[in-house]
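Chains as they are written, first to last, in my numbering: chain S, 1 to 384; chain X, 1001 to 1384.
Even glycine gets a Cβ: it sits at the ideal position worked out from N, Cα and C.
The next block holds one structure in the form of structure tokens; read it before the comments.
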């Protein structure tokens, strides 16, 4: 049995720079156990109090082979220290005697992806620091409800950059769409949109802009828990039948009515991931005068429902859109993404028709890790 | 061994009324396990997949004696069904072989209280329905940053009622303060402020109002994770040295500058729980012309730091405040609250000085269950 290294008071240095804080014990918690402990060199120690467990494993997107055994030390605390990790936002959970999805009770930082809550942490350096709150001016994040013509309302999340409330200026708008199983909270929680925009704008790397995050699943008015559907368990759902895309003119019009926007094509962007990339492709095509910047992140290009009128005649509609080519038509995907091949096909179509686009290929697959990079890169190219 | 009743597809009827949804399986989750399953009659079944566990207990604020053993059924799923529970928002976790604070991986609904994340659910009826999103118009919830004179900024949460964005009208403002260890997120997450206000306003039981939730711990600019302090573990901290109270004039002035408020004493309320109740008492006293409605919920009346000038001469300052008595001075506390006696002392002081106040005594102690009731009652008395 290893000597136990449970720290009663320890310095947590999760972020780069001068930030530090004494981790004090919560009144109601296992005294003394600190987890995760992120060190300046990028190693991370996890600790879990499981006094009678026979085996404890750590599962995380930073663990080779997906899972690694933890070691029992004294006092029933299990421990594992990673090798140096590259700078990133990582998620993890524990497996205790075959029980999966055990959260770290010492770590209050959690994010939900579809129907799963996960603990997360950030290691020092870049891009991790981009995903963490820094000492920079912060934008406002609002959850607003847009009334629809049919009498219902739909919830959306709106980011307005620092200074918006104190000025009279108008701003360009990025519409940012989630994937299947996501909702209007996804880009904010898992995509770290507010932190990324605050940090890019403060660094002068991105223009000040409003970011509007809608809910692209027409079956739901809002993210789970925020509508009268009650506390349903989120699952893989979405809308690829044209209804979301048709509503989008109303969304843009409502945003232009309620925010100080620059209401013109040159000052509007639309982007999305997976299903949201499909939506961005469709919406920019059916409203060809609306968006000058289009971002398709791991887009589900050819996954629309069969027989939907709106999706028909792709080439003819693209011809209209590209008759006045967007300022930027940006396609990004990871080499291991299950949608890689259909993105190849789509680019071949664009090539054949002679349309300009930019292509960004990364490592990895259909992951938030990639989407955080894509939005960080894309946002810097907008409205310049 | 009991027969296993793991449901593959089950109707989740968490809310009162017509809401229902098919609980579908998340791609990445234990197939088939549904937990918690809240029935219309108020019984609730919990299920946890823990195939090798020797003992599993359920811990919750609805469990007599605090914890109850769960029963192992087939397939490694442990189960427990409650008796009928009164309508309420309840929190819970599991204890598995001595490992505490195990979250329910099937339940994405979590709230944080200080340094602890907890699963929660709501049982049918009242007051539970008041704490759940209903089919009513929803207000906007914004996280905003208020710049301070010293160059830093402080984060706050602002609720504006449905219709605010579409009108030109002015609104009264309730300033709502958290307790020690809390932050600007506490009333929203654990206090269910937005749901309560939406529901009360829609029912015509409360006036339309803006609610401003500040951060009353001057050591931090923002709730954990939102400032450049990084991802520290929240702990029991606060400010009872006068600095928060002294800043409050700046807060009110900023709110009046940035929202369409009715900027007058008759249209301002201040309330808080525990330390926030102390703050509300102090602030309403040191700014006697500012608030016509004061709510002290389980207030830490006599816990201010020694020797703070601002806290001195209580009776003389109260005399100034009550020389023009507030429209409502409301004191609420539970019979089992550890602050009960000092609230008795404070009421004796007010009685001796002949000042009018209303007193609301409930069962229970220093709990969010009480504070949700207090805000629901208090909000209905404001600005009428």
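Query, Result
"Taking C-beta to C-beta, are residue 1216(X) and residue 1244(X) nearer than 7 Å?", "yes"
"The alpha helix (DSSP H) that contains residue 368(S), what's its start and end?", "368 to 379"
"State the CB to CB distance for the pair residue 106(S) and residue 35(S), rounded to an integer number of angstroms; the pair is presumed to be in contact (CB under 8 Å).", "4 Å"
"Rounded to a whole number of angstroms, what is the C-alpha to C-alpha distance between residue 43(S) and residue 366(S)?", "26 Å"
"Looking only at its chain, what residues have a beta carbon closer than 7 Å to the beta carbon of residue 1383(X), apart from the 5 residues adjacent to it on each side?", "1172, 1207, 1209 and 1267"
"Please confirm if the segment 1110 to 1118 of chain X is in contact with the segment 124 to 132 of chain S, defined as three or more CB-CB distances below 8 Å between the two stretches.", "no"
"Taking all protein chains shown into account, decide if residue 220(S) is buried (16 or more other Cβ within 10 angstroms of its Cβ) or exposed.", "buried"
"Cβ of residue 1029(X) less than 7 Å from any chain S Cβ?", "Low local confidence applies: a pLDDT of 42 at residue 1029(X) is under 50, so the model's placement there is unreliable, with the coordinate-based value given in what follows. By this cut-off, residue 1029(X) is an interface position."
"Please identify, using Cβ separations under 7 Å, the residues of the segment 236 to 269 of chain S that lie next to chain X, in order along the chain.", "236 and 258"
"Suppose you measure from the CA of residue 320(S) to the CA of residue 1230(X); what does that come to, to the nearest Å?", "48 Å"
"Would a check of beta-carbon distances place residue 1375(X) closer than 7 Å to chain S?", "no"
"Which residue marks the beginning of the alpha helix (DSSP H) containing residue 1202(X), and which one marks its end?", "1193 to 1202"
"Under a Cβ-count criterion, where at least 16 other Cβ atoms within 10 Å of its own Cβ denotes burial, should residue 1121(X) be classed as buried or exposed?", "buried"
"Using a beta-carbon distance cut-off of less than 8 Å, what residues from the segment 44 to 59 of chain S approach chain X?", "48, 49, 50, 51, 52, 53 and 54"
"I'd like the span of the alpha helix (DSSP H) that includes residue 1058(X), first residue to last.", "First-last for residue 1058(X): 1056 to 1060, but that is the beta strand (DSSP E), not the alpha helix (DSSP H)."
"What residue does the alpha helix (DSSP H) around residue 275(S) start on, and which one ends it?", "275 to 286"
"Nearest-angstrom Cα distance between residue 315(S) and residue 282(S)?", "12 Å"
"What is the residue span of the alpha helix (DSSP H) that residue 298(S) lies within?", "Counting along the chain, residue 298(S) falls outside any alpha helix (DSSP H), and DSSP gives it neither H nor E."
"Using beta carbons (cut-off 7 Å, strictly below), is residue 969(X) in contact with chain S?", "Past the edges of chain X, shown from 1001 to 1384, lies residue 969(X), and the structure says nothing about it."
"For residue 360(S), which residues of its own chain have a beta-carbon under 6 Å away from its beta-carbon, when the five flanking residues on both sides are left out?", "332"
"At a Cβ threshold of 7 Å, is residue 1223(X) touching chain S?", "no"
"If we call anything under 7 Å between Cβ atoms a contact, is residue 329(S) one with residue 287(S)?", "no"
"At which residues does the beta strand (DSSP E) containing residue 244(S) begin and terminate?", "Not the beta strand (DSSP E): residue 244(S) falls in the alpha helix (DSSP H), residues 243 to 258."
"Which one of 58(S), 54(S), 40(S) and 39(S) has the shortest CA to CA distance from residue 47(S)?", "58(S)"
"Looking only at C-alpha atoms, which of 1338(X), 1311(X) and 1218(X) sits nearest to residue 1148(X)?", "1218(X)"
"Determine contact between the segment 299 to 308 of chain S and the segment 341 to 354 of chain S, defined as no fewer than three beta-carbon pairs at a distance below 8 Å.", "yes"
"Go through its chain and collect everything with a Cβ distance to residue 186(S)'s Cβ below 6 Å, but skip five positions before and after it.", "178"
"Take residue 1181(X) and list the residues in its own chain whose beta-carbon comes closer than 6 Å to its own, dropping the five residues that flank it on each side.", "1114 and 1236"
"Residues of chain S with a CB under 7 Å from the CB of residue 1227(X): which are they?", "133"
"Which residue spans inside the segment 124 to 208 of chain S form an unbroken beta strand (DSSP E) run of at least 3?", "140 to 147, 153 to 160 and 173 to 177"
"Using a beta-carbon distance below 7 Å, is residue 1092(X) in contact with chain S?", "no"
"Excluding the five sequence neighbours on either side, which residues of its own chain have a C-beta within less than 7 Å of the C-beta of residue 1273(X), listed in chain order?", "1178, 1179, 1297, 1298 and 1371"
"Using 7 Å as the threshold, is the C-beta distance between residue 144(S) and residue 212(S) below it?", "no"
"Are residue 1081(X) and residue 1045(X) touching if we call contact CB-CB under 7 Å?", "yes"
"Closer than 7 Å by C-beta to residue 1191(X): which residues in its own chain qualify, once you throw out the five before and the five after it? Chain order, please.", "1368, 1371, 1372 and 1375"
"Taking the beta carbon of residue 1279(X) as the centre, do at least 16 other beta carbons fall within 10 Å, making it buried, or is it exposed?", "buried"
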